[in-house]
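Asker:
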Amino acid sequence: MPVSVNLRVNANERFSVTIDSIDILVSGLKTVLETEKQIAVAEQRLIYKGRVLKDDQTLSSYGFGDGDTIHLVRGTARRSEPNSPPNTAAASSSPSSAPAPAPAPSANPFASGFPSASAPGMPNPDQMRAAMRSPMMQQMLSNPEIMQSMINMNPQLRAMADQNPQIRQALQDPAMLRQMAEMASNPDAMAQAQRGMELQMSQMENMPGGMDAMRRAFSEMGAFDDPTAGVGGGPTPSNESNANGDGPANTPMVNPWSSAPAPAPAGNANANGGGNPMAGFGGLGGLGAGMPGMPGMTPPMNPDGTPNVDALSQMLDNPMFNAALEQMSSNPALMQQMMNNPMMQEMTRSNPQMAAMMNNPEMMRTMMNPQMLRAAINMQRQMGGSGGMGGMGGLGGFGGMGGLNIPPSPSAWNGVGVPPAAPPPTPQQSSPQPSTINGLDFSNLLQNFNGASASNPTPASNQTPEERYARQLQSLNDMGFGDNAANIGALQATNGNVNRAVERLLGGS
Amino acid sequence: MSTGAGYGAELLRRQLADLNRNPPDTFSVGLGEDESIYNWELMIMGPESTPYEGGFFRANLKFPESFPNMPPEMIFQSEMWHPNVYSSGKVCISILHPPGTDEHNPQETAEERWRPIIGVEQIVLSVISMLSDPNDESAANLDAAVQWRDDRKGYKRKVRQTVEKSQNDM
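Chains A and B, in that order, are what the protein sequence lines are. For the first sequence, UniProt numbering assigns the number 1 to the initial residue and increments by one for each residue that follows. For the second sequence, UniProt numbering assigns the number 1 to the initial residue and increments by one for each residue that follows.
(1) Quick one: residues in its chain with C-beta nearer than 7 angstroms to the C-beta of H82 (chain B), no 5 flanking neighbours on either side, listed in chain order?
(2) Give me the chain B residues within the contact set of N10 (chain A), using Cβ-Cβ distance strictly less than 7 angstroms, ordered along the chain.
(3) If contacts are defined as beta-carbon pairs under 8 angstroms, then I128 (chain B) and W114 (chain B) qualify, I think. What distance do you get, rounded to the angstrom?
(4) Mapping DSSP to helix, strand and coil, what is Y62 (chain A)?
(5) Closest Cβ-Cβ distance between R51 (chain A) and chain B: below 8 angstroms?
(6) Taking 8 angstroms as the CB-CB cut-off, is L42 (chain B) touching chain A?
(7) Please go through the same chain and pick out, in chain order, the residues whose beta-carbon is closer than 6 angstroms to the beta-carbon of residue 171 (chain B), but skip the five residues on each side of it.
(8) For chain B, is any of its Cβ atoms less than 8 angstroms away from the one on V17 (chain A)?
(9) So is Y469 (chain A) in contact with chain B if we call contact Cβ pairs under 8 angstroms?
(10) Do D23 (chain A) and P2 (chain A) come within 8 angstroms of each other at the CB atom, strictly closer than that value?
(11) Identify whether K49 (chain A) lies in helix, strand or coil by the three-state DSSP scheme.
(12) Indicate whether at least one CB of chain B lies closer than 8 angstroms to the CB of R504 (chain A).
(13) What does G30 (chain B) touch in chain A if you count any residue whose Cβ is under 9 angstroms from its own?
(14) Is the CB-CB distance between P68 (chain B) and G8 (chain B) below 8 angstroms?
(15) Counting contacts by CB-CB distance shorter than 8 angstroms, is M45 (chain B) in contact with chain A?
(16) What number of angstroms, rounded off, separates the C-alpha of N168 (chain B) from the C-alpha of Y86 (chain B)?
(17) Which residues, in order along the region 140 to 170 of chain B, keep a beta-carbon less than 7 angstroms from a beta-carbon of chain A?
(18) From the DSSP output, which residues share a beta bridge with N60 (chain B)?
(19) What residues of chain A sit near F56 (chain B), judged by a beta carbon separation below 8 angstroms?
(20) Are there three or more Cβ pairs, one per stretch, closer than 8 angstroms when the region 37 to 45 of chain A is compared with the region 23 to 38 of chain B?
(21) In chain A, which residues lie less than 9 angstroms from N69 (chain B) when you measure between Cβ atoms?
(22) What first and last residue would you give for the alpha helix (DSSP H) that runs through S475 (chain A)?
(23) Residues of chain A with CB under 8 angstroms from N20 (chain B), in chain order?
(24) Can you tell me where the beta strand (DSSP E) holding V5 (chain A) begins and where it ends?
(25) Would the beta-carbon of D151 (chain B) be found less than 7 angstroms away from any heavy atom of the ligand ZN?
(26) Following the continuous alpha helix (DSSP H) through Y123 (chain B), name the residue where it begins and the one where it ends.
(27) Cα separation between R500 (chain A) and F481 (chain A)?
(28) Using the rule of at least 16 other Cβ atoms within 10 Å of the residue's Cβ for burial, across every protein chain shown, is M490 (chain A) buried or exposed?
(29) Considering Cα atoms alone, identify which of A:N487, A:E466, A:N477, A:G50 is closest to A17 (chain B).
(30) Against chain B, with Cβ distances strictly below 8 angstroms, would Q492 (chain A) count as a contact?
(31) Given this structure, state the Cα-to-Cα distance separating I37 (chain B) from G54 (chain B), to the nearest angstrom.
(32) Which two residues bound the contiguous alpha helix (DSSP H) that contains G507 (chain A)?
(33) In its own chain, which residues sit with a C-beta less than 6 angstroms from the C-beta of N487 (chain A), not counting the 5 before and 5 after it?
(34) Let me make sure I understand the geometry here. Which of B:E108, B:E111, B:N84, B:Q161 has the alpha-carbon closest to that of W148 (chain B)?
Set out below in C-alpha cells:
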C-alpha cells in the first residue's frame, strides 16, 4: 500500500514523497530522496521519533505510519549550515545566514507592529502574573480543545487556519500560547521567549501565503477600526512603508495587533461580588464581546481604559462579528466546556441566578444578542464602570498573540468570571501604563523585536551595516560600548538583536 | 504499549502526539525502548552558530508518575561537554528543578523552577537554549564550567570533539 512520507529539512523546507510500502528499507528511502532532492545518500541523516534511522532497518520497524514526518538532515555537517541545502533560502532566524530573498518583505506587519506595541496599555507585570496564575487561565492555556473550538467557531479564522496549517498550529499550540502568557508575566521569560519569537516570525514570513493571510486578517479587522478610539486602530498605509523595520521604535502608529491591551477598570463583576445579577451579566457581556475576537480584535478601549462605546457599537454591527456570536451561542458544547471550568463553577455556585442563566441556552442567546450587548454597554457606561466588558476579549487579544500580539490586560481576563482569589485591580493600576513599567523597559525589548525583523533581508539590503543597524548601534553606544567596529560585528552576528549583541560583546565569544 | 494511567500520562500522550504531528525543527521525540509513556527518547540537533552545531545528541526524558506536578529528568546519552550537564549526562537547568524554593540555591526563584504548566517542548527548547548559553552560576560539570570561563577556545574544541563523536555514532 503506498504511503506518504513527510520530510522536514528546516523551518522553510518540507516536502513529501510517496513510497510503495512501509516495509521499505531506510536505505531504500534514502535512494528515493537522492533521486528527488539530489542529496547524496551518504549525506542523508533521517531522524524519526527521537531516533536516527538505520539503513538496514525498515520504516515499519520504527512504527512509521502513513503521513508521519521524518527529519532529513545533511550529514556532512561541518561548520557550514548543516540544515540548509544550498538551493534553499536559509532560515532568516539563523544568525549566520546570508541575506536571502524574502517572499514578501514589504508586507511584514510585525516589523511595524512591534514598535507600536509599546503603546499605552501594556499590563502591569504583577497583575499579569496574578492573572496568569489563575487556574482558569492555566486550564485554558493548557487545553488545546478550547483553542480549537475557538478557531473553528470563527469562520474567518478557520479559513485562515485551513489555508495555512502553520497559522493553525500557532494558534492552537498550547506550548506557544503558554510561552507567550509567561512572557507577559515574567520579564526574564520575555527575553528568553524572544528567541523563539524570532523563529516563529521567520516561519510566518517565509510561509507562502502566510503574509497574505495576515494582511487579509488586517484588512478585515479594519472593520473594527475607529479613529476615535485612542489605542484602537487598523492597518494604515504607513504600516507598509515602514515595513522594513527600520522605523523609529516608538512610532505612535495604530496597529490592530497591538491595540488590544488597554486594561479595563476593575470589573463591577469582581467588585460587587456574587450577589449582583448585573455583575454576572457584565461579565457575560464581556464573554460575548470578546470570545469571537480571535484575530486580535478586542473591544476597542479608550485611553482611560473605558470601553469605547461607539467603537463597540460599530463592532456589534459588523456581520462577521454577529456571525461569530451566533455560532458561539448556538454551540452548546462549547458553552458546556466553559461551564465545566472550576472558576465558572465556583461562580455559578455562589450565584444561583447566574447558574440559572447559564444553563438556559435561550437566555444565553438573548444575552449574546447585539442589542442586548449594546444595552449592557450603555448601562455600564451609565454606571460609571465597565464591568467585565473586557471579558474574554482578552482572549481575543490572545488569539492575535498567535500572531505575536502582546497579551491583553489582566482585568480583561478577570472580567469573565469572578476569580475571587485575584485581587481586583485598583483604578489606579488599571489605567494604561506608560511603556516603561516597574523597571521593565518594554520599549527596549520591543526595539529588539524590531531589530529582529529589521534583520530580515529586504530589497534595500545594499545598506551598509552602519545604516542598517544605526538604531541598535546608538543603543549600544548609549550602554557604553564604544568600539563601533566590534559593535557592528556583534550586531551582524546577532541579526541586530541588541540583547544578544551585548551578551556577545561581554562574553567575548 | 504504555501502562500509564491518569492525567499525567494522558497529558504526555497528547504532547507526544502533537510533537510527532508537528515536529519542531531542532529536535525529535519518541518513546524509549520500553515503550513507556514516562520514558521519552530525544534527538537534539545541535543549535546553529554554537559549537554544538551539526551534532546529533541523544537524550532521555524520564517523567515521574507524579508528572506534571513534578518535573522530568533529562539525561544525555551522547557524550556532552557543557557546564550545566553532569558527566552522567543529567541536565541541570532551573526549570527542571522541583517547585518551591531551595535553601541551597536561594537565588533561584519559584518562577524559574518547574511549574506544571510547562510543556515538554518548552523544556527541550530551554535545554537547547542552555547549550548556546551556559549558566556558570550553577555548574554541574565543574571542569567544563571552568574551561568555559577561562579557556573558551579549549572549551569549543572539546565540544567539537563530542559533535564529531555524535556524528560517527549515527
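From the three backbone atoms N, C-alpha and C, an ideal C-beta is built for every residue, glycine too. None of the values given here were measured: they were computed from a predicted structure.
Answerer: Let's see:
(1) Excluding its 5 nearest sequence neighbours in each direction, H82 (chain B) has C-beta neighbours in its own chain below 7 angstroms: L131, P134, N141, A144, listed in chain order.
(2) The answer, in chain order, is D25.
(3) The pair is not a contact, with the Cβ atoms about 18 angstroms apart (cut-off 8 angstroms).
(4) The answer is helix: DSSP assigns Y62 (chain A) an H, G or I state.
(5) Yes, R51 (chain A) lies at the interface with chain B (some Cβ there is under 8 angstroms from its Cβ).
(6) Yes, L42 (chain B) lies at the interface with chain A (some Cβ there is under 8 angstroms from its Cβ).
(7) One cannot answer for residue 171 (chain B) here, as it falls past the ends of chain B, which runs 1 to 170.
(8) So no, V17 (chain A) is outside the interface.
(9) Using beta-carbon distances, Y469 (chain A) does not count as an interface residue toward chain B, since no partner is under 8 angstroms.
(10) Taking 8 angstroms as the Cβ cut-off, P2 (chain A) and D23 (chain A) do not qualify as a contacting pair.
(11) In the three-state reduction of the DSSP assignment, K49 (chain A) falls in the coil class.
(12) The Cβ of R504 (chain A) sits no closer than 8 angstroms to any Cβ of chain B.
(13) Under a criterion of Cβ atoms nearer than 9 angstroms, the residues of chain A adjacent to G30 (chain B) are, in order, Y48, K49, G50, R51, Y62, G63.
(14) Taking 8 angstroms as the Cβ cut-off, P68 (chain B) and G8 (chain B) qualify as a contacting pair.
(15) Judged by the 8 angstroms Cβ criterion, M45 (chain B) is in contact with chain A.
(16) Straight-line measurement puts the Cα of Y86 (chain B) at about 22 angstroms from the Cα of N168 (chain B).
(17) Contact residues of the region 140 to 170 of chain B toward chain A are R152, Q167, M170 (C-beta to C-beta distance below 7 angstroms).
(18) Answer is B:E41, B:I75, bridged to N60 (chain B).
(19) For F56 (chain B), the neighbours in chain A by C-beta distance under 8 angstroms run, in chain order, R45, I47, V52, V73.
(20) Output reads no: the region 23 to 38 of chain B does not touch the region 37 to 45 of chain A.
(21) Simply none; closest approach about 13 angstroms.
(22) Where S475 (chain A) is concerned, the enclosing alpha helix (DSSP H) stretches over 470 to 478.
(23) Ordered by position in chain A, the residues that pass the 8 angstroms Cβ test against N20 (chain B) are K49, D68, T69.
(24) Boundaries of the beta strand (DSSP E) harbouring V5 (chain A): 3 to 8, taken from the DSSP string.
(25) For the structure depicted, the ligand ZN is absent and the ligand set is empty, with no information on it obtainable.
(26) Note that residue 123 (chain B) is Ile in the sequence shown here, rather than Tyr. Note, I123 (chain B): alpha helix (DSSP H), 120 to 132.
(27) Computed Cα separation, rounded: 13 angstroms.
(28) Sequence inspection shows Ala at residue 490 (chain A); the Met mentioned does not correspond to that position. Only buried fits A490 (chain A), as 16 or more other CB atoms lie within 10 angstroms of its CB.
(29) With distances taken between Cα atoms, A17 (chain B) lies closest to A:G50.
(30) No, because no Cβ of chain B sits closer than 8 angstroms to the Cβ of Q492 (chain A).
(31) Going from the Cα of I37 (chain B) to the Cα of G54 (chain B) covers about 29 angstroms.
(32) Boundaries of the alpha helix (DSSP H) harbouring G507 (chain A): 498 to 507, taken from the DSSP string.
(33) Once the five neighbours on either side are set aside, the close Cβ partners of N487 (chain A) are L473, L476, F481.
(34) It is B:N84 whose Cα lies nearest to the Cα of W148 (chain B).
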